[in-house]
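Engineer:
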Amino acid sequence: MQETDALLRLAMLNTAYAAAIDADRLEDWPGFFTEDCLYRITTAEDHRRGLQAGVIYADSRAMLHDRVFALRKANIYERQRYRHIVGMPALLGQDADGLRAEAPFVVVRTMRDGAMTIFAAGRYLDQVRLDEVGMLRFAERQVICDSPNFDTLLAIPL
Amino acid sequence: MQETDALLRLAMLNTAYAAAIDADRLEDWPGFFTEDCLYRITTAEDHRRGLQAGVIYADSRAMLHDRVFALRKANIYERQRYRHIVGMPALLGQDADGLRAEAPFVVVRTMRDGAMTIFAAGRYLDQVRLDEVGMLRFAERQVICDSPNFDTLLAIPL
Amino acid sequence: MQETDALLRLAMLNTAYAAAIDADRLEDWPGFFTEDCLYRITTAEDHRRGLQAGVIYADSRAMLHDRVFALRKANIYERQRYRHIVGMPALLGQDADGLRAEAPFVVVRTMRDGAMTIFAAGRYLDQVRLDEVGMLRFAERQVICDSPNFDTLLAIPL
Numbered sequence: 000m001q002e003t004d005a006l007l008r009l010a011m012l013n014t015a016y017a018a019a020i021d022a023d024r025l026e027d028w029p030g031f032f033t034e035d036c037l038y039r040i041t042t043a044e045d046h047r048r049g050l051q052a053g054v055i056y057a058d059s060r061a062m063l064h065d066r067v068f069a070l071r072k073a074n075i076y077e078r079q080r081y082r083h084i085v086g087m088p089a090l091l092g093q094d095a096d097g098l099r100a101e102a103p104f105v106v107v108r109t110m111r112d113g114a115m116t117i118f119a120a121g122r123y124l125d126q127v128r129l130d131e132v133g134m135l136r137f138a139e140r141q142v143i144c145d146s147p148n149f150d151t152l153l154a155i156p157l
Numbered sequence: 000m001q002e003t004d005a006l007l008r009l010a011m012l013n014t015a016y017a018a019a020i021d022a023d024r025l026e027d028w029p030g031f032f033t034e035d036c037l038y039r040i041t042t043a044e045d046h047r048r049g050l051q052a053g054v055i056y057a058d059s060r061a062m063l064h065d066r067v068f069a070l071r072k073a074n075i076y077e078r079q080r081y082r083h084i085v086g087m088p089a090l091l092g093q094d095a096d097g098l099r100a101e102a103p104f105v106v107v108r109t110m111r112d113g114a115m116t117i118f119a120a121g122r123y124l125d126q127v128r129l130d131e132v133g134m135l136r137f138a139e140r141q142v143i144c145d146s147p148n149f150d151t152l153l154a155i156p157l
Numbered sequence: 000m001q002e003t004d005a006l007l008r009l010a011m012l013n014t015a016y017a018a019a020i021d022a023d024r025l026e027d028w029p030g031f032f033t034e035d036c037l038y039r040i041t042t043a044e045d046h047r048r049g050l051q052a053g054v055i056y057a058d059s060r061a062m063l064h065d066r067v068f069a070l071r072k073a074n075i076y077e078r079q080r081y082r083h084i085v086g087m088p089a090l091l092g093q094d095a096d097g098l099r100a101e102a103p104f105v106v107v108r109t110m111r112d113g114a115m116t117i118f119a120a121g122r123y124l125d126q127v128r129l130d131e132v133g134m135l136r137f138a139e140r141q142v143i144c145d146s147p148n149f150d151t152l153l154a155i156p157l
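Sequences listed follow chains A, B and C, in order.
Under numbering that gives the first Met the number 0, read the first sequence as residues 0 to 157, first letter to last.
Under numbering that gives the first Met the number 0, read the second sequence as residues 0 to 157, first letter to last.
Under numbering that gives the first Met the number 0, read the third sequence as residues 0 to 157, first letter to last.
1) Of the residues B/Gln51, B/Ala95 and B/Ala61, which one's Cα is nearest the Cα of leucine 32 of chain B?
2) Quick one: residues in its chain with C-beta nearer than 7 Å to the C-beta of histidine 83 of chain C, no 5 flanking neighbours on either side, listed in chain order?
3) Applying a beta-carbon distance threshold of less than 8 Å, which residues of chain A neighbour proline 156 of chain B?
4) Can you round the beta-carbon distance between isoleucine 143 of chain B and threonine 41 of chain B to whole angstroms, since I take them to be within the 8 Å contact cut?
5) Could you tell me which uninterrupted beta strand (DSSP E) segments, each at least 3 residues in length, are contained entirely in the segment 56-95 of chain C, listed from first to last along the chain?
6) Using beta carbons (cut-off 8 Å, strictly below), is arginine 82 of chain C in contact with chain A?
7) According to the neighbour-count rule (16 or more other Cβ atoms, all chains shown, within 10 Å of its Cβ), is methionine 87 of chain B buried or exposed?
8) The beta strand (DSSP E) with isoleucine 143 of chain C in it runs from where to where?
9) Using alpha carbons as the reference points, say which of C/Leu98, C/Ile155, C/Pro156 and C/Arg80 lies closest to proline 147 of chain A.
10) By how many angstroms is the C-alpha of histidine 64 of chain C removed from the C-alpha of alanine 154 of chain C?
11) Since valine 54 of chain A contacts glycine 97 of chain A with CB under 8 Å, what's their CB separation in whole angstroms?
12) Name, please, each residue of chain A whose Cβ falls closer than 7 Å to the Cβ of glutamate 11 of chain B.
13) Taking contact to mean at least 3 C-beta pairs separated by less than 8 Å, is the segment 121-138 of chain A in contact with the segment 41-51 of chain C?
14) Would you mind sorting glycine 121 of chain A into buried or exposed? The rule is 16 or more other CB atoms within 10 Å of its CB.
15) Would a check of beta-carbon distances place alanine 18 of chain B closer than 8 Å to chain C?
16) Quick check: the Cα distance between alanine 138 of chain B and serine 59 of chain B, rounded to an integer number of angstroms?
17) Please state the DSSP three-state secondary structure of isoleucine 155 of chain A.
18) I need the boundaries of the beta strand (DSSP E) containing alanine 119 of chain B, first residue and last residue.
19) Which same chain residues, not among the five before or five after leucine 37 of chain A, have their C-beta less than 7 Å away from its C-beta?
20) Go ahead and pull the three-state DSSP assignment for alanine 43 of chain C.
21) For a test of the three-state rule: what should DSSP assign to leucine 50 of chain B, helix, strand or coil?
22) What is the DSSP secondary structure of aspartate 35 of chain B, counted as helix, strand or coil?
Below, the structure written as structure tokens:
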């Protein structure tokens, strides 16, 4: 893919991904990943040290479906809204396996009383593949958060 | 229009729209709309329920001009600054009438003493038309805010 | 350059610039500028009045290197993280000297205890040149902050 095409397609993927989460269409979220995938939420500090664990860790699309199921059970009532703003991605590399890219993000949370706070900030570090029908999917998405605290990060996927 | 072209043109339109408001060039704001247009600020909750009213509602460019006039009368002195960050749009559809698109946004407000807060977060839901000279304009812009509170939303267009 | 190409290349430049700062690769920061450059952080109010001083002012790449050196000396330990979100740029003009563009930005700061606040908001006003090897560099970058307060702006480049 040409670099500008790749960038725009990555931006479209990021936009669609964030819109699904922010519209509470969590059931659509696993579909953004390949069957065998890696999804991990970690801290900048742990990522720098090379720690592999992650606060949230899943290595298949099935595990992402399980996670959505658990979230739906835990959060019966909708209590707040989230809004992702994802910056333009940077293309880090391109090979037969697909694209490596990163993108900065900020998530704003709005409570039922209207109070708005920054819920998360950080960057996505991605490995993206073109599937058999020409759709881009995440083979790997690492969500590297600037904050070392994750009290509330069980609320939604990032 | 090709999808990537459409996306870039929508992004350019959103950027110009936000820059006009943030630079306090409110008189330019109605020009981003078609003569017969719909502009509405509403809440995510009211939008979900299909309520048509909206906190702010205008169905012609002339009404948008009136609104700017009213804002200018009310706010004689400039008291704060606003900064829109609009994410990349998603193209929802395309037909003879133009483009349907959405885009997430966050607005940061800076007070005169330097205090910065999140003023609004949400998404734009748009119907965009190509006019006779090839410029894109909003036939419809629904500003769907995550917050249910609108105490201060009379301050500026969103 | 075609307008859409120019926009995408400006967006890529802004993304790379912000990623370098947010990853604390400050030593790479001067490389985004031409040898003879202007870098200035100023307030919207001072910019409007045409004041040339700026809170931070540098007129060569060497001065930017000096600034990084001073920051490294002052901040021995890393205490917080920054995350720039830069909106899509607007192309203001194009001539033999390069491109004139602006872009809105917000910077979120995350403290070691996880507290997140908006650190800065404003817009970049840029003059960008294509160098001899086809890379875009800032001949001029004015960082026009919405806030009139700069207590903490010595922390990182914006």
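We treat Cβ as the ideally placed atom computed from N, Cα and C, and that holds for glycine.
Structural biologist: This is what the structure gives:
1) If you number the second sequence from 1, residue 32 of chain B lands on position 33. Looking at the sequence shown, residue 32 of chain B is not leucine but phenylalanine. It is B/Ala61.
2) For the purposes of this step, residue 83 of chain C is taken as the residue at position 84 of the third sequence. Ala17, Ile20, Asp21, Phe104 and Val106.
3) Sequence index remark: in the second sequence, residue 156 of chain B carries index 157 (1-based). The contacting residues do not exist; proline 156 of chain B stays about 19 Å from chain A at best.
4) Position 144 of the second sequence holds residue 143 of chain B. Position 42 of the second sequence holds residue 41 of chain B. Their Cβ separation, rounded to whole angstroms, is 6 Å, which keeps isoleucine 143 of chain B and threonine 41 of chain B in contact under 8 Å.
5) Counting only runs of 3 or more, we get 79-85 and 89-94.
6) Within the third sequence, residue 82 of chain C is the residue found at index 83, counting from 1. True, the Cβ-Cβ gap to chain A drops below 8 Å.
7) Position 88 of the second sequence, counting from 1, holds the residue named residue 87 of chain B. Buried: at least 16 other Cβ atoms inside 10 Å.
8) The count along the third sequence starts at 1 and reaches residue 143 of chain C at position 144. For isoleucine 143 of chain C, the uninterrupted beta strand (DSSP E) run begins and ends at 135-144, by DSSP.
9) Here residue 147 of chain A is taken as the residue at index 148 of the first sequence, counted from 1. For proline 147 of chain A, the closest of C/Leu98, C/Ile155, C/Pro156 and C/Arg80 by C-alpha to C-alpha distance is C/Arg80.
10) What you label residue 154 of chain C is simply residue 155 of the third sequence in a count that begins at 1. What you label residue 64 of chain C is simply residue 65 of the third sequence in a count that begins at 1. Alanine 154 of chain C and histidine 64 of chain C: Cα-Cα distance of roughly 15 Å.
11) As a first step, residue 54 of chain A is located in the first sequence; it is residue number 55 there, counting from the start. As a first step, residue 97 of chain A is located in the first sequence; it is residue number 98 there, counting from the start. Taking 8 Å as the upper bound for CB-CB distance, valine 54 of chain A and glycine 97 of chain A are not in contact here, some 26 Å apart.
12) In the second sequence, counting from the first residue as 1, residue 11 of chain B sits at position 12. Before going further, note that residue 11 of chain B is methionine rather than glutamate in the sequence given. None at all; the shortest Cβ gap to chain A is about 13 Å.
13) Contact between the segment 121-138 of chain A and the segment 41-51 of chain C is absent, with fewer than three C-beta pairs closer than 8 Å.
14) Here residue 121 of chain A refers to the residue found at position 122 of the first sequence. With 16 or more neighbouring CB atoms inside 10 Å of its own CB, glycine 121 of chain A falls in the buried class.
15) On the second sequence, position 19 is the one that residue 18 of chain B refers to. At least one CB atom of chain C sits nearer than 8 Å to the CB of alanine 18 of chain B.
16) To locate residue 138 of chain B, count along the second sequence from 1; it is residue 139. To locate residue 59 of chain B, count along the second sequence from 1; it is residue 60. A direct Cα-Cα distance of roughly 9 Å separates alanine 138 of chain B from serine 59 of chain B.
17) Taking the first residue of the first sequence as 1, we reach residue 155 of chain A at position 156. If DSSP states are grouped into helix, strand and coil, isoleucine 155 of chain A belongs with coil.
18) Residue numbering aside, residue 119 of chain B sits at position 120 when the second sequence is read from its first letter. For alanine 119 of chain B, the enclosing beta strand (DSSP E) starts and ends at 115-129.
19) As a working note, residue 37 of chain A is residue 38 in the first sequence. Cβ neighbours of leucine 37 of chain A within its own chain (closer than 7 Å, five residues either side excluded): Asp58 and Glu139.
20) As a position in the third sequence, residue 43 of chain C is number 44, starting the count at 1. Helix.
21) Taking the second sequence and counting its residues from 1, the one referred to as residue 50 of chain B is at position 51. Under the three-state reduction of DSSP, leucine 50 of chain B is assigned to coil, being neither helix nor strand.
22) Against the second sequence, residue 35 of chain B aligns to sequence position 36. Secondary structure at aspartate 35 of chain B: strand, using DSSP grouped into helix, strand and coil.
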